[in-house]
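Trainee: Residue numbers (the working numbering): 188 to 304. Using N, Cα and C, we set each Cβ at its ideal position, and we do this for glycine too. Just so it is clear, the structure is predicted and the values come from calculations on it, not from any experiment.
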Amino acid sequence: MARVNRWRQWWQDQPWPWRRWNVAVRVEHGDEVPARLPFRVAALVVTAGKARWVAFDCPCGRGHRVMLNLDPRRHPAWRVENLSPLTIEPSIDDRTGPGYCHFFLHRGRVIWVRGRG
Ligand SMILES: [Zn+2]
């Protein structure tokens, strides 16, 4: 079993260009999101049966974490329309990183709205 897990980990870590984004990690609290997520894998935070956050490493590759609120009572809020391949609505704009990252995540693919800021 451990061997299978290692192989799976290796597989998930490979930056296969055809790999699509998907949600493969599910935790109960925001602080349980692992510091290191596999390539193109997002983590969903589900608290008390409700999706609260989706977290992933920004596809710009500069190593910053994007954390999106899924609670519609708080603003801004996003919706995870599909887990695998991952679709998030509306577009994702993140200014917490080293630049301004603005992109769509649609059917597991990243569509940049404009150049990597
Ligand atoms: Zn970024």
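1. On the criterion of 16 or more Cβ atoms from any shown chain inside 10 Å, does residue 240 qualify as buried, or is it exposed?
2. Have a look at residue 256 and residue 190 and give me their C-alpha separation to the nearest angstrom.
3. Grab me the residues of residue 228's own chain with a C-beta within less than 8 Å of its C-beta, minus the 5 sequence neighbours each way, in chain order.
4. Can you determine whether any heavy atom of ligand 1 sits closer than 7 Å to the C-beta of residue 200, and answer yes or no?
5. Residues with a Cβ closer than 5 Å to any heavy atom of ligand 1, in chain order?
6. Name, in chain order, the residues that DSSP records as bridge partners for residue 362.
Mentor: According to the structure shown:
1. buried
2. 36 Å
3. 199, 208, 209, 210, 211, 212 and 243
4. no
5. 245, 247, 284 and 288
6. No information on residue 362 is available, as it lies outside the stretch 188 to 304 that the chain covers here.
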